[in-house]
Every structure is written in structure tokens, then in C-alpha cells.
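Engineer: Can you keep this structure in mind? I'll have questions shortly.
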Amino acid sequence: MFQEIERKFLVNGDFKAEAFQATDIIQGYLSHGPTVRVRVRGDQGYLTIKGPVGATGLSRFEWEKEITKDEALALLQLAEPGRIEKTRYLVKNTDGIHTWEVDEFHGDNEGLVMAEIELHSEADTFDKPAWIGEEVTGDKRYYNSYLMKHPLLKPLTP
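Listed below in C-alpha cells is the structure:
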């Protein structure tokens with residue numbers, strides 16, 4: 424119920440023709456232990472609390488509450504310095520079960536494109552479109568909270 428299970432990949436091809444929705448997102452972080460995120464996605468706001476990543480790097484506790492856009496904008500004023508700005512595209516997977524969330528980053532992370540697929544269990548299987556590249560699940564360098572503090576304009580460190 425409060426478990427997020429996802430796999431994350433770099434994108435190395437054209438996916439936009441397959442997208443059925445695109446939404447701009449701005450997000451900031453209030454805390455990193457646990458991670459407390461404030462997000463404006465289109466005309467909605469969200470407050471999300473995430474726990475530490477499990478041993479496999481695939482799952483962790485996640486609680487999310489929809490709030491108004493005005494509430495989210497007010498909370499962003501309390502956030503740590505830095506913002507994540509991106510456009511999220513939704514692409515149906517060919518299995519008809521899963522949906523890819525493809526994030527095209529802007530600002531300091533311009534040029535980074537990542538895709539996530541949320542799963543029902545860690546054992547779930549899914550098709551990978553041709554535009555899916557290297558898997559980066561569990562690699563902290565690709566967590567949004569890390570990218571906020573260490574944008575791609577600065578070299579990634581292992």
C-alpha cells in the first residue's frame with residue numbers, strides 16, 4: 424500500500440511520438456531523512472515522504488498526499504536551495520499493464536532523460552522499448568534529490 428517499486432533507466436532514443444501525456448513538474452525538498460518532497464505537477468500539488476531504499480534498490484516506503492497548487496508553491500518557499508524542473512511524458516508499455524514515466528530534465532540537468540516503470544512486485548517482468556538504455560535503478564546519482572544538489576552541470580561521481 425505504501426510501497427513504491429520501480430526500475431529506472433537512461434533514455435537513448437526517441438520516445439515522444441509514443442507519449443500520450445506531457446506535464447511540467449517543479450519540485451523541491453524539505454528534508455532528506457526521510458526524504459520529504461514538494462511537487463507542482465501541472466495544476467496540482469503533492470507532498471511526498473519517502474523512506475530509505477531497500478537492499479535491492481527497487482523498493483522503498485512512499486506516502487503521497489495531493490495538496491493544492493498554492494499550498495505546494497508556499498511549501499516550496501521552505502525547501503532547500505535548488506529545484507528539479509522537468510517535463511514528464513507518459514508512455515504505455517507494450518504489455519498493456521505498465522506505463523513508463525519518462526522525465527526530460529531542464530535547467531541545471533538539461534539533457535538528462537530518464538524513464539521509470541512502477542511495478543507491482545520486484546519480480547514483475549515488462550517489455551523494454553528500443554529507446555530504453557542503461558539501467559540506473561539504485562544508483563543514487565540519478566535520484567532527483569541527488570540531482571538537485573549535484574546537477575549534471577557538475578561531473579557525476581561514483
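Here our numbering = 1-based position in the sequence shown + 423.
Cβ coordinates follow ideal geometry from the N, Cα and C atoms, glycine included.
1. What residue from Ser568, Thr560 and Asp531 has the CA that sits closest to alanine 502's CA?
2. Look at the alpha carbon of isoleucine 449 and the alpha carbon of isoleucine 555, and state the distance between them as a whole number of angstroms.
3. Identify every residue that forms a DSSP beta bridge with leucine 496.
4. Taking 8 angstroms as the cut-off, does the stretch 497-515 touch the stretch 436-455 (at least 3 CB pairs, one atom from each stretch)?
5. Can you tell me which residues form a DSSP beta bridge with tyrosine 469?
6. What are the boundary residues of the beta strand (DSSP E) that serine 568 is part of?
7. Taking DSSP as the reference, what is the three-state secondary structure of glutamate 503?
8. State yes or no: is the C-beta of glycine 530 within less than 9 angstroms of the C-beta of leucine 498?
9. Should the stretch 523-538 be regarded as contacting the stretch 452-469, the criterion being three or more beta carbon pairs within less than 8 angstroms?
10. Using CA atoms only, rank isn't needed, just tell me which of Glu494, Ser482 and Leu481 is closest to arginine 462.
11. Check each candidate in Thr479, Asp526 and Ile507 and name the one with the smallest Cα separation from glycine 561.
12. Per DSSP, which one or two residues make a beta bridge with glutamate 558?
13. Given that a residue counts as buried once 16 or more other Cβ atoms are within 10 Å of its Cβ, and exposed if not, what is arginine 564?
14. Can serine 482 and glutamate 427 be called in contact, C-beta distance under 9 angstroms?
15. For arginine 451, name the three-state secondary structure that DSSP assigns.
16. Does the Cβ-Cβ distance between phenylalanine 484 and proline 457 come in under 9 angstroms?
Structural biologist: In terms of the structure at hand:
1. Out of Ser568, Thr560 and Asp531, Ser568 has the C-alpha closest to the C-alpha of alanine 502.
2. Near 24 angstroms, if we compare the C-alpha coordinates of isoleucine 555 and isoleucine 449.
3. According to DSSP, which records beta bridges pairwise, leucine 496 is partnered with nothing at all.
4. Taking one beta carbon from each stretch, the stretch 436-455 and the stretch 497-515 have 3 or more pairs nearer than 8 angstroms; the two touch.
5. Looking at the DSSP output, tyrosine 469 shares a beta bridge with Arg462 and Glu489.
6. Here serine 568 belongs to no beta strand (DSSP E); instead the alpha helix (DSSP H) covers 567-572.
7. DSSP places glutamate 503 in coil when its eight states are reduced to three.
8. No, the pair does not count as a contact, with Cβ atoms beyond the cut-off.
9. Two segments are said to touch when three or more pairs of C-beta atoms, one from each, lie closer than 8 angstroms; by this definition the stretch 523-538 does not touch the stretch 452-469.
10. The closest CA to that of arginine 462, considering only Glu494, Ser482 and Leu481, is found on Glu494.
11. Checking every option, the nearest Cα to that of glycine 561 belongs to Thr479.
12. When DSSP reads this structure, glutamate 558 sits in a beta bridge with Phe432.
13. Arginine 564 should be labelled exposed.
14. Contact flag set, yes.
15. The residue asked about is misnamed: residue 451 is glycine in this sequence, not arginine. DSSP places glycine 451 in the strand class (E or B) of the three-state scheme.
16. Between phenylalanine 484 and proline 457, the C-beta gap is smaller than 9 angstroms, which places the two residues in contact.
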